[in-house]
Structure formats: C-alpha cells, structure tokens
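Here the structure comes first, spelled out in structure tokens, and everything after it is commentary.
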Amino acid sequence: MRRPSWSYRASADALVRRDMRLDLLRGFCVVVMVADHIGGERSWMYILTGGNRFFTSAAEGFVLISGIVMGTVYANVIRREGMNAMLKKVMKRAGLLYVLTVSLTIVFALLSYLIDSPWSRTMTPTRPLEFLLSVGTLHRSYSITDVLMLYTLLVFATPPLLYLLGTGRTRIAFAGALALWGLWQVSPADVQFPWNVVDGGFPFAAWQLPFAMGVIIGYHRESISRLLTPARRVAIVVAGSVLAIVLILAFQLTIADRASEQPSALAWLLSSDLVFGKNDLRPGRLLALVGVAIFAFALVSMLWVPIRRGLGWLLLPLGQRSLGAYGIHLFILVLTNISISDFLRIGNDNTLLQVASIVLIWALLPVIPWLGEIEHLASRVAPLTHPFTRRASLRARAAQTG
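Per this note's numbering, the very first residue in the sequence shown carries number 38; after that it's consecutive.
Dropping the structure here:
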C-alpha cells in the first residue's frame, strides 16, 4: 500500500489561494522575534532562535516574506485591474501601516519611559513635541518599532518597483535595488534614502534589497516555477541546505571559540560587522538569508503535513496576523521589564517567560478589538486558522441559518 505523501503539494492546503507555507514561516519569525526581544542570559528557545546572535534573524525573514506576498498579491491586481488599482490599494495599505507605526511608536516610547526600560536609556534625547513631530513625519524611530517604520517606507516605495515589473523591466528593478544596497555598503553617508531616520536601526537603502528580491520572486512566481525543472529544484535545495547547515555548524563553533582565551581568525571573521553586520545588512548576512530561506521553505514543503499538524495551530495564526502579533508583543515587552513577570523567570533562565509570552500573544489575537481591521484583511485572503476564530465563525453561521 502506498504511503500518503507529507508534501505541501499533496495536501488540501495547496488548493488555497494563499500559500500557507509563507504564513507558517512568518509565524515562526514571530516566535523568534518575541523570544529574542525578551532576551535574557539563558533560554532553551535559543536553540531554535539563535538568541539574536545567528547570521540571520527574524527581521530578514519578515522583510523577505512580506516582499514575496506583496509581489504575488499585486501581480494579480495589475493583471486584473491595472496599474491605477494597484497604486490605490498599495497606498491604502501604506496608510494603515503609517497609522500603526506612528501610534505604536508613540505609545511604546511613553510606556518605555515610564518604566525606565533599558532601551529607553539609549535613545537620542529630545523634547516631547519634537519627538511627536519627528515620529509623525517618519524622521525618527524608536527601539523595537524601527522595523515597522522600515516596512512602512518599503510599502510606500513599492509602486515604482511594481510598475517596472509590470512593464517588463525586471532587470532594471533588480539592478537598481542591488546598486542602492551596494552604495550603502561603501558610502552610507551618501545614500541616506529617502532621508536619515534618528534612532533607526534598519537603514532603508540596505534593507530594501531583500524586500525587492521578495517582490520580484512573488511577482514572477509562476514563471519561476515553470523554469525550475526537477533537476534545478534539487540543485537549489541542496545548495541552500548545505549553506544553512554550514552556517549552523559555524555558529556553534564560533560560540565555543569566543569563550576561549585566544579566539581564532575564523571566529573573528564570522563575528565581524563587516561580514555579518545586521544593521547594514552586510554581504554575509544576505547570503545567510538566502541559504536559510531556501532550507526552511524546502523543509516545510516536504514535511508540510506533520509540521502543520504539530505546529500549525500556533504558527499559522501568528503568521497570518503578524502585524497584530507584533503590536501585542510591544506591550508584552513592557510587562516583561517590570516585576510582575519575575515569577516566570527561573534564575537567569527566561525559557518559561518567553514561551508564556508567545502563547499569550496567540491567545489575544482574535479577541482584541483594535485588531479588527487586520483580522478582516487576513480573513479575506486566507482561511481563518485560529481555533477561537473558527469557533466564532461557526457560531455566527449557525445563528444566521437557525
């Protein structure tokens, strides 16, 4: 008797319009983000997350996946409704992100100041009115919320990229993104594009490249799929997997090497900001993102059924509502920095605190009123996978028919 396939293509989820694998991977990025932002000296979660010390992080994953989703969605909009409809819908999305960015930055900054959080002490001093104005004009960010400002600016800048793709100028689009990233690597002072952001940890000129790569992949997804013969798919997966495994082994060796009295040249190279620096998105970090992304996507594609059965209940809701999860996690961070959370810390181990925070975010997603708009946008393009949401939907349908 033939054994049932575990692959994504053989599952019922493959019939859904939205690629659920991207939702699951983005949900994993949420888990990594929450664990690493809470931090702590020790945690068993760091085996999965790298403790914000690995060669790539949740931020790169978010940016790449967001680009792929945007490219996929708006390619269909351009083909069905044209460029004007694309522009209108992208700007509506950017407007929502702008409101979220400004409001969450101001509220989070105020709460951080009131509890005297460690990150609030590192911010550039300013007067309250100046802070409000500079945040409102996207000229100032804040610790933790800076990635949301980056995402907002990226979405605002997406229409020209989509126009180039829609008019057959993909090479020009990629060359421009690569050139802007390259200029930042050699002379960042000359490419403060679109402007310099005070306390911004994710410079636009560097971080637009993985987003642009994602948009291009998403836009040409069907064409790429046709070009990838089985042999080419295997070669790409093998190369990406080998790179990811080498990076994981190098990371473990580097940790052990750093603890020695005389770290080796390899340890210095792997820990150098010139090679793997996060803020400037150095070449090594970009290469690590590509390898890990290929490995992760191949893994969930081949083992989709058991992964979905075991972790889908948690990761899919977090991934489909990642903006909401991000917003909630800001308030969780505030709570974890006051004494109310001390009972979840076991000595200097933060595993229980991190796990409890992730589960709390998952539980709050379908019940917080201000997430209604994000919930609505998510449910229109993908099935509602959160158990709470499914039960509420079934009760509503029963009431309508009964």
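Backbone N, C-alpha and C define an ideal beta-carbon position, used for all residues, glycine too. All values reported here derive from a predicted model rather than from experimental measurement.
Could you have a look at Asp-236 and say whether DSSP puts it in helix, strand or coil?
Within the sequence shown, residue 236 is the residue found at index 199, counting from 1. Asp-236 falls in the coil class under three-state DSSP.
C-beta contact flag for Ile-369 and Ile-405 at 9 Å
Here residue 369 corresponds to residue number 332 of the sequence shown, with the count starting at 1. Here residue 405 corresponds to residue number 368 of the sequence shown, with the count starting at 1. Their beta carbons are not under 9 Å apart, which means Ile-369 does not touch Ile-405 by this criterion.
Hey, out of Gly-108, Met-70 and Ala-194, whose CA is closest to Ala-131's CA?
In the sequence shown, the residue the question calls residue 131 occupies position 94. For Ala-131, the nearest C-alpha among the options comes from Ala-194.
Measure the CB-CB distance between Leu-202 and Gly-277 and report whether it falls below 9 Å.
As a working mapping, residue 202 is identified with position 165 in the sequence shown. As a working mapping, residue 277 is identified with position 240 in the sequence shown. Taking 9 Å as the Cβ cut-off, Leu-202 and Gly-277 do not qualify as a contacting pair.
Could you give the first and the last residue of the continuous alpha helix (DSSP H) run that contains Leu-175?
Here residue 175 is taken as the residue at index 138 of the sequence shown, counted from 1. That residue, Leu-175, is in no alpha helix (DSSP H); it is neither H nor E in DSSP.
Can you grab the Cα-Cα spacing for the pair Ile-395 / Gly-88, in whole Å?
Counting from one through the sequence shown, the residue named residue 395 turns up at place 358. Counting from one through the sequence shown, the residue named residue 88 turns up at place 51. Approximately 15 Å, taken between the alpha carbons.
C-beta atoms of Leu-352 and Val-68 nearer than 9 Å:
As a position in the sequence shown, residue 352 is number 315, starting the count at 1. As a position in the sequence shown, residue 68 is number 31, starting the count at 1. In this structure, Val-68 lies closer than 9 Å to Leu-352 by Cβ.
On the CB-based measure, 16 or more other CB atoms within 10 Å of its CB, does Asn-113 come out buried or exposed?
Sequence index remark: in the sequence shown, residue 113 carries index 76 (1-based). A residue is called buried once 16 or more other Cβ atoms fall within 10 Å of its Cβ, and Asn-113, having fewer, is exposed.
For the alpha helix (DSSP H) that Lys-125 lies in, which residues bound it at each end?
Against the sequence shown, residue 125 aligns to sequence position 88. Unbroken alpha helix (DSSP H) run through Lys-125: 120 to 151.
Chain-order list of residues whose beta-carbon lies under 7 Å from that of Phe-92 (same chain, five-residue window excluded)
Numbered from 1 along the sequence shown, position 55 holds the residue referred to as residue 92. Cβ within range, chain order: Leu-284, Phe-288, Phe-313, Gly-321, Arg-322 and Ala-325.
For Arg-417, which three-state DSSP category applies?
Counting from one through the sequence shown, the residue named residue 417 turns up at place 380. With a pLDDT of only 42 at Arg-417, under the threshold of 50, the placement of this residue in the model should not be trusted; the figure read from the coordinates follows. Under the three-state reduction of DSSP output, Arg-417 falls in the helix class.
Going by C-alpha to C-alpha distance, which of Ile-383, Pro-197, Ala-330 and Leu-390 sits closest to Thr-373?
For the purposes of this step, residue 373 is identified with residue 336 of the sequence shown, where counting begins at 1. Selected option, being the one with the closest Cα: Leu-390.
If contacts are defined as beta-carbon pairs under 8 Å, then Trp-350 and Ser-48 qualify, I think. What distance do you get, rounded to the angstrom?
As a first step, residue 350 is located in the sequence shown; it is residue number 313 there, counting from the start. As a first step, residue 48 is located in the sequence shown; it is residue number 11 there, counting from the start. A Cβ-Cβ distance of about 16 Å is found for the pair Trp-350 and Ser-48, leaving them out of contact under the 8 Å criterion.
Cutting at 6 Å between CB atoms, please list the residues of its own chain near Phe-145, excluding the five before and the five after it.
Locating residue 145 in the sequence shown gives position 108, counting from the first residue. Thr-182 and Leu-367.
Buried versus exposed call for Pro-240 [16 or more other C-beta atoms within 10 Å across all chains shown]
Taking the first residue of the sequence shown as 1, we reach residue 240 at position 203. Classification of Pro-240: buried, given that the 10 Å Cβ count is 16 or more.
Have a look at Ile-84, Ser-80 and Ser-42 and flag the residue whose alpha-carbon is nearest the alpha-carbon of Leu-30.
The structure shown has nothing for residue 30, since the chain only spans 38 to 439.
Using C-beta distances below 6 Å, list every residue in its chain close to Asp-50, excluding the 5 sequence neighbours before and after it, in chain order.
For the purposes of this step, residue 50 is identified with residue 13 of the sequence shown, where counting begins at 1. Excluding residues within five positions, the ones whose Cβ falls inside 6 Å are Met-57.
Boundaries (first-last residue) of the alpha helix (DSSP H) holding Val-230:
Position 193 of the sequence shown, counted from the start, is the residue given in the question as residue 230. One detail in the question is off: residue 230 reads as Phe in this sequence, not Val. DSSP places Phe-230 in no alpha helix (DSSP H); its state is neither H nor E.
Among Leu-198, Gly-364 and Ala-96, whose alpha-carbon lies nearest the alpha-carbon of Leu-124?
Indexing the sequence shown from 1 puts residue 124 at position 87. Ranking the options by Cα distance to Leu-124, first place goes to Leu-198.
Return the CA-CA distance between Leu-170 and Ala-333, expressed in angstroms with no decimal places.
Stepping through the sequence shown from its first residue, residue 170 is reached at position 133. Stepping through the sequence shown from its first residue, residue 333 is reached at position 296. Rounded to whole angstroms, Leu-170 to Ala-333 spans 41 Å at the Cα level.
Can you have a look at Phe-380 and say buried or exposed, based on whether 16 or more other CB atoms are within 10 angstroms of its CB?
Taking the sequence shown and counting its residues from 1, one reaches residue 380 at position 343. By the 16-neighbour rule on beta-carbons within 10 angstroms, Phe-380 is exposed.
Could you tell me which residues DSSP pairs with Asp-386 in its beta bridges?
Within the sequence shown, numbered from 1, the residue matching residue 386 stands at position 349. Asp-386 pairs with Arg-79 and Ile-383.
Continuous alpha helix (DSSP H) stretch holding Thr-189: start and end:
Translated into positions along the sequence shown, residue 189 becomes position 152. It spans 183 to 193 - the alpha helix (DSSP H) in which Thr-189 sits, taken as one unbroken run.
Rounded to whole angstroms, what's the CA-CA distance from Glu-259 to Ile-253? Just pull it up for me.
Counting from 1 along the sequence shown, the entry for residue 259 is found at position 222. Counting from 1 along the sequence shown, the entry for residue 253 is found at position 216. Those two C-alpha atoms are separated by around 11 Å.
Beta carbon of Val-127, beta carbon of Tyr-111: below 9 Å?
Walking along the sequence shown from the start, residue 127 turns up at place 90. Walking along the sequence shown from the start, residue 111 turns up at place 74. In this structure, Tyr-111 lies closer than 9 Å to Val-127 by Cβ.
Option nearest Ile-375 by Cα separation, candidates Ser-154, Ile-102 and Val-223:
Within the sequence shown, residue 375 is the residue found at index 338, counting from 1. Considering only alpha carbons, the answer is Ser-154.
Exposed or buried, Leu-215, counting other C-beta atoms within 10 Å across all chains shown (16 or more means buried)?
Working through the sequence shown from its first residue, we reach residue 215 at position 178. The residue in question, Leu-215, is exposed, as its Cβ has fewer than 16 Cβ neighbours within 10 Å.
Please confirm whether Ser-140 and Trp-156 have their CB atoms less than 9 Å apart.
Against the sequence shown, residue 140 aligns to sequence position 103. Against the sequence shown, residue 156 aligns to sequence position 119. Taking 9 Å as the Cβ cut-off, Ser-140 and Trp-156 do not qualify as a contacting pair.
Neighbourhood of Ala-415 by C-beta distance below 6 Å, restricted to the same chain and skipping five residues each side:
If you number the sequence shown from 1, residue 415 lands on position 378. With a pLDDT of 39 at Ala-415, under the threshold of 50, the predicted position of this residue should be treated as unreliable, and no value is reported.
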